[in-house]
Structure formats: C-alpha cells, structure tokens
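Per the numbering used here, residue 34 is the first one in the sequence shown, and the count goes up by one each step.
The beta-carbon is built from N, C-alpha and C at its ideal position, and this holds for glycine as well.
All values reported here derive from a predicted model rather than from experimental measurement.
Comments concern the structure below.
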Amino acid sequence: MVKKSKNGFLLIELLICIFVLSLILLGIGNIYLSIFKIKYSIDNSMKQIDLVRENMESNKIKMANNAK
Numbered sequence: 034m035v036k037k038s039k040n041g042f043l044l045i046e047l048l049i050c051i052f053v054l055s056l057i058l059l060g061i062g063n064i065y066l067s068i069f070k071i072k073y074s075i076d077n078s079m080k081q082i083d084l085v086r087e088n089m090e091s092n093k094i095k096m097a098n099n100a101k
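In structure tokens form, the structure reads like this:
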C-alpha cells in the first residue's frame, strides 16, 4: 500500500516527479536531435564538396578540350 507523505501531498509530489522526468527526457531528445542535425549537415557539406570537386574536374576537361 502507498504511504502518504507527511503533508499529504502525494499526488502533487507524483505530478512534480512526472514533470521533472518529462523535462529530462525532452532534454535528452533534444540532445540526440541536435547530434543528428549536426551529422546530417556534415554529410550534406561533404556531398557539396564532392559535387564542387567533380564540377571543377569537368571544367578542366572542357577547358583542355577547348584549348586543342
């Protein structure tokens, strides 16, 4: 059986505990979300760098062909 606390505020204490736990879980979720966003932006940056590199190589080939 659940014992009442000294002041009889068991329900309020449970609500506060649930509220604090939900805040902790939201904080952990935000941390994971920010890590995922950073990883996604790094992946996109690497893809953009590869596209620029390929574009530069194709421009070099075009310039070499035009010089002939």
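Secondary structure of residue 101 (DSSP, three-state): coil. The alpha-carbon of residue 65 is positioned some 11 Å away from that of residue 58.
Annotation: residue 51 to residue 82 spans about 46 Å, alpha carbon to alpha carbon.
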